[in-house]
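Colleague: My questions all concern the structure below.
Protein chains: 2
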Amino acid sequence: MKATQIEAAWRGTAACQSCGVRHLVLFADLQAEDFAHIHTPIEEVHVEAGTQLYSMGDDAGAILTIRRGLVKLVTLLPDGTQRIVRLVRVGGVAGLEALVKSSYDHIAVALQPVEYCRIPVATVNQLQARTPRLHQRLMEKWHEALSTADGFLANLSTGNARQRVARLLLLLADETPYGPVRLFTREDMGAILAITLETASRTISDFKRTGAIRDVGHGQAVCDTDALTLIADEG
Amino acid sequence: MKATQIEAAWRGTAACQSCGVRHLVLFADLQAEDFAHIHTPIEEVHVEAGTQLYSMGDDAGAILTIRRGLVKLVTLLPDGTQRIVRLVRVGGVAGLEALVKSSYDHIAVALQPVEYCRIPVATVNQLQARTPRLHQRLMEKWHEALSTADGFLANLSTGNARQRVARLLLLLADETPYGPVRLFTREDMGAILAITLETASRTISDFKRTGAIRDVGHGQAVCDTDALTLIADEG
DNA sequence: CGACCCCTTGAGGGCCTTCAATCCATGTGG
DNA sequence: CCACATGGATTGAAGGCCCTCAAGGGGTCG
């Protein structure tokens, strides 16, 4: 089940410098000489969908750069239900709070098969002392997280259920235009949009009937972005 | 109306070093010698309630440290209505995005008489080059903003209207325990909680009738935090 | 004093939740 | 190979909460 697999406990400069998503991530501006000053191993980890990457209150020793897949950040509400406060996509960073406090703020769970790099806080700090560019990148990642949160508040937590579901689908669709998007479980949809799973299910069914999305099986669907945009804007 | 008043166009070290809220703000860790390297003026500005501090898309040349009062950050929804995505309190920073992009993400409006320091981005960058401690403070401010946003998502955008209003009141009350809190306009409450102003009004009226809050006039009320906590947790 | 703004309260209806039953896909064991 | 168990998805029915539209009240300021 929890098949966490550490692909490579990396200790040199090769992996980062040839990283396929490096232009997206934290180390985009680093020079070859900078990598030479990394003394703590950076782990590249592969996990399957459903794996918990860290939990609220866990000792926060590292930040996680997502190289593949999709991660949800969850908070527990007073009544025990869960709310998804953010989705972290490829190039995003989960657990940034490790840089300013000693425990994580959320539960991080892989929604799909995920590959990520686990960068110890010590490594970030070592690099920060040397390369001012990293500060800028870090702030960009903070800003990215904040923009995502703002988007959740403005787009996914206002309006009626139809609008919210449509906006969520558009959010997923703009990552793979015209390609099928992987739908969440209805429960996750509900936890993102602050609606019940039944309402999420009814709305998705309605979208399929009216053609706003087309089911292609295996929990995937193709979005009619024009139709969804109409729904998102007026209801 | 828009009585923006620049109290002191500060160019020396005196004001910051004797700042009453310095332990809360960005410059907490700076040493005397650091202040000597500030070459761009930091303005201390006083504005009255209702003043717009900056607007979405405005050229973002500075970040704003709030020294007194309360500021709302607003985004415009596709349909033209407004949503308040964050409240910035004393010690908080508005417009952090100025550090990573050239325009502001929100509309910032003073909800009360506000005093703030306008710190040019250039000044922050000059100081960053010298004092690593400032990085840490900056990241704490980013984290503070992100935590606020998460709180809005988890506490103020879920549950029924009674719960949301109760949680908002508790949020305001924990700043001045047992003291009266200043209630927002019902419209602002609605924009924070994603409910209509009528529902906000009805709920506040109900709380007054049942004693969960006690009106003391002038838009202020004393909160029965125990009663409100009960409502916040179960409905 | 009147205009204005905000707050309050009412009535009706629609949307979403709640509770419940059924369906479907998948995987497991006989 | 098939029966069965399981977890998620779907759909129905009833009710309640909140929104919408509307009218009236109260405080403040010119």
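Line by line, the protein sequences give chains A and B. Here the first sequence stands for residues 1 to 235, where the numbers follow the working numbering. Here the second sequence stands for residues 1001 to 1235, where the numbers follow the working numbering. In this text, a Cβ means the ideal position worked out from N, Cα and C, and glycines have one as well. All values derive from a computational prediction rather than experimental measurement.
Just the C-alpha distance for D1174 of chain B and F1027 of chain B, rounded to the nearest angstrom, thanks.
Modeller: C-alpha separation (whole angstroms): 25 angstroms.
Colleague: Using a 10 Å radius around the Cβ and a threshold of 16 neighbouring Cβ atoms, would you call G190 of chain A buried or exposed?
Modeller: By the 10 Å Cβ count, G190 of chain A comes out buried.
Colleague: At a Cβ threshold of 8 angstroms, is T1013 of chain B touching chain A?
Modeller: Confidence is the limiting factor: at T1013 of chain B the pLDDT is only 45, short of 50, which leaves the residue's position unreliable and the question unanswerable from this model.
Colleague: How far does the alpha helix (DSSP H) with V165 of chain A in it reach, from first residue to last?
Modeller: V165 of chain A -> alpha helix (DSSP H) spans 161-173.
Colleague: Run the CB neighbour count on H218 of chain A, radius 10 Å, all protein chains shown included, and call it buried at 16 or more, exposed below.
Modeller: So H218 of chain A ends up on the exposed side.
Colleague: Taking Cβ positions only, does M139 of chain A come closer than 8 angstroms to chain B?
Modeller: For M139 of chain A, the answer is yes, since a Cβ of chain B falls inside 8 angstroms of its Cβ.
Colleague: What first and last residue would you give for the alpha helix (DSSP H) that runs through H1135 of chain B?
Modeller: Start and end: 1132-1151.
Colleague: Does the beta carbon of H1037 of chain B sit closer than 8 angstroms to a beta carbon anywhere in chain A?
Modeller: Chain A, which has no Cβ nearer than 8 angstroms to the Cβ of H1037 of chain B, makes this no.
Colleague: Using the C-alpha atoms, what's the distance from K1208 of chain B back to T1225 of chain B?
Modeller: Distance between the alpha carbons of T1225 of chain B and K1208 of chain B: 13 angstroms.
Colleague: Please state whether DSSP places K1101 of chain B in a helix, a strand or coil.
Modeller: It is coil, neither helix nor strand.
Colleague: Residues of chain A with a CB under 7 angstroms from the CB of F1027 of chain B: which are they?
Modeller: The contacting residues do not exist; F1027 of chain B stays about 17 angstroms from chain A at best.
Colleague: To the nearest angstrom, how far is the alpha carbon of T51 of chain A from that of A110 of chain A?
Modeller: If I take the Cα positions, the gap works out to 5 angstroms.
Colleague: Determine the DSSP secondary structure at M1001 of chain B, reduced to helix, strand or coil.
Modeller: Residue placement at M1001 of chain B is poorly supported in this model, since its pLDDT is 38, which falls under 50; the coordinates still yield a value, given next. Coil at M1001 of chain B, not helix or strand.
Colleague: Which bits of chain A does L1030 of chain B rub up against, with CB to CB less than 7 angstroms?
Modeller: What L1030 of chain B touches in chain A: nothing, since even the nearest Cβ is about 16 angstroms away.
Colleague: Within a Cβ cutoff of 8 angstroms, which residues of the same chain sit near R162 of chain A, ignoring the five residues on either side of it in sequence?
Modeller: Once the five neighbours on either side are set aside, the close Cβ partners of R162 of chain A are T203, D206, I231, G235.
Colleague: Measuring straight from C-alpha to C-alpha, what distance separates W10 of chain A and D188 of chain A?
Modeller: For W10 of chain A, the predicted model reports a pLDDT of 46, less than 50, meaning its position is unreliable; a value from the coordinates is still stated below. One C-alpha to the other measures close to 34 angstroms.
Colleague: Please say whether R1130 of chain B and D1029 of chain B have beta carbons closer to each other than 8 angstroms?
Modeller: No; because the gap between Cβ atoms is not below 8 angstroms, this pair is not in contact.
Colleague: Suppose only complete runs of 3+ residues qualify. What are the beta strand (DSSP E) ranges in the stretch 27-70 of chain A, listed by chain order?
Modeller: Within the stretch 27-70 of chain A, the complete beta strand (DSSP E) runs of at least 3 residues are 42-47, 52-54, 62-68.
Colleague: Determine which residues of the stretch 1119-1140 of chain B have a Cβ less than 8 angstroms from any Cβ of chain A, and write them out in chain order.
Modeller: The stretch 1119-1140 of chain B vs chain A, Cβ under 8 angstroms: Q1128, A1129, P1132, H1135, Q1136, L1138, M1139, E1140.
Colleague: When you compare the CB positions of L156 of chain A and I192 of chain A, do they come within less than 8 angstroms of one another, or not?
Modeller: Yes. Within cutoff.
Colleague: Assuming R1186 of chain B contacts S1201 of chain B (C-beta within less than 8 angstroms), just tell me the rounded distance between them.
Modeller: 5 angstroms between Cβ atoms; contact.
Colleague: Using a Cβ cut-off of 8 angstroms, pull out every chain A residue sitting near S1157 of chain B, in sequence order please.
Modeller: What S1157 of chain B touches in chain A: L153, S157, A194.
Colleague: Measuring only between beta-carbons, confirm whether C1019 of chain B sits less than 8 angstroms from chain A.
Modeller: Chain A, which has no Cβ nearer than 8 angstroms to the Cβ of C1019 of chain B, makes this no.
Colleague: Counting contacts by CB-CB distance shorter than 8 angstroms, is P78 of chain A in contact with chain B?
Modeller: True, the Cβ-Cβ gap to chain B drops below 8 angstroms.
Colleague: Check whether the stretch 1083-1092 of chain B touches the stretch 1053-1073 of chain B, taking contact to mean three or more Cβ pairs, one atom from each stretch, closer than 8 angstroms.
Modeller: A contact exists between the stretch 1083-1092 of chain B and the stretch 1053-1073 of chain B.
Colleague: Strictly by DSSP, which residues pair up with G1217 of chain B?
Modeller: According to DSSP, G1217 of chain B bridges with B:Q1220.
Colleague: What residues in the stretch 85-99 of chain A bring their beta carbon closer than 9 angstroms to a beta carbon of chain B?
Modeller: Cβ contacts with chain B come from V85, R86, L96, E97, L99.
Colleague: What residues match up with I84 of chain A in a beta bridge as DSSP calls it?
Modeller: Its beta-bridge partners are A:V74.
Colleague: Could you tell me if A1221 of chain B is buried or exposed, where buried requires 16 or more neighbouring beta carbons within 10 angstroms of its beta carbon?
Modeller: Counting Cβ neighbours within 10 Å, A1221 of chain B comes out buried, since at least 16 surround it.
Colleague: With H, G and I counted as helix, E and B as strand and the rest as coil, what does DSSP make of P177 of chain A?
Modeller: Reduced to three states, the DSSP call for P177 of chain A is coil.
Colleague: Given a threshold of 16 other Cβ atoms within 10 Å of its Cβ, counted over all protein chains shown, does V216 of chain A qualify as buried or as exposed?
Modeller: Under this definition V216 of chain A is an exposed residue.
Colleague: Taking 7 angstroms as the limit between beta carbons, can you name the residues of its chain near R118 of chain A, skipping five residues before and five after?
Modeller: These residues qualify, in order along the chain: I42, E43, V45, A62, L64.
Colleague: What's the call for D1059 of chain B, buried or exposed, on a 16-neighbour Cβ count within 10 Å?
Modeller: Exposed: under 16 other Cβ atoms inside 10 Å.
Colleague: By Cβ distance, which residues of its chain are closer than 7 angstroms to P120 of chain A, with the 5 residues on each side in sequence left out?
Modeller: Cβ neighbours of P120 of chain A beyond the five flanking positions: T40, G61, A62.
Colleague: Along the stretch 1036-1070 of chain B, where does the CB come closer than 9 angstroms to a CB of chain A? Name the residues.
Modeller: Flagged: no residues at all.
Colleague: Under the rule that 16 or more other beta-carbon atoms within 10 Å means buried, what is S55 of chain A, buried or exposed?
Modeller: Classification for S55 of chain A: exposed.
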